Amino acid sequence: MPTAVLTDHERTAVQAYLRLLHTVRAAFDGPPEGAPPALVPPSVLAEAETALTRAGLAGNEEEFFRMLGEWCPSAG
Numbered sequence: 035m036p037t038a039v040l041t042d043h044e045r046t047a048v049q050a051y052l053r054l055l056h057t058v059r060a061a062f063d064g065p066p067e068g069a070p071p072a073l074v075p076p077s078v079l080a081e082a083e084t085a086l087t088r089a090g091l092a093g094n095e096e097e098f099f100r101m102l103g104e105w106c107p108s109a110g
């Protein structure tokens with residue numbers, strides 16, 4: 035159960051990171067047979083970067099991953 039209370043910007047950053055993580059995992063899993071290669075869309079990367087910057091977490095990975103681990107332990 036999460037113990038940290040995140041700000042709206044921090045929550046948005048965590049959610050954007052999780053979407054990025056799921057997108058990258060899907061890309062590594064590969065596309066279905068016959069489909070073109072899956073790439074991480076630039077919009078997903080931009081969303082995560084913008085969210086991290088707005089939350090004041092850009093360049094502060096240690097703090098971000100601490101919050102991520104408290105809020106969503108299965109993401110690590």
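Quick note, the sequence shown lines up with residues 35 to 110 if you use our numbering. Where a beta carbon is used, it is the ideal one built from N, C-alpha and C, also for glycine. Note that this is a predicted model, so its numbers are computed, not measured.
Spatial neighbours of Met101 in its chain, beta-carbon cut-off 7 Å, leaving aside the 5 residues before and after: Ala38, Leu40, Glu44, Val48
Span of the alpha helix (DSSP H), counted from its first residue to its last, around Glu95: 95 to 105
Please classify Thr41: does DSSP put it in a helix, a strand, or coil? coil
Are the CB atoms of Thr46 and Val78 within a distance shorter than 8 Å? no
To the nearest angstrom, report how far apart Ala50 and Pro70 are at their CA atoms. 25 Å
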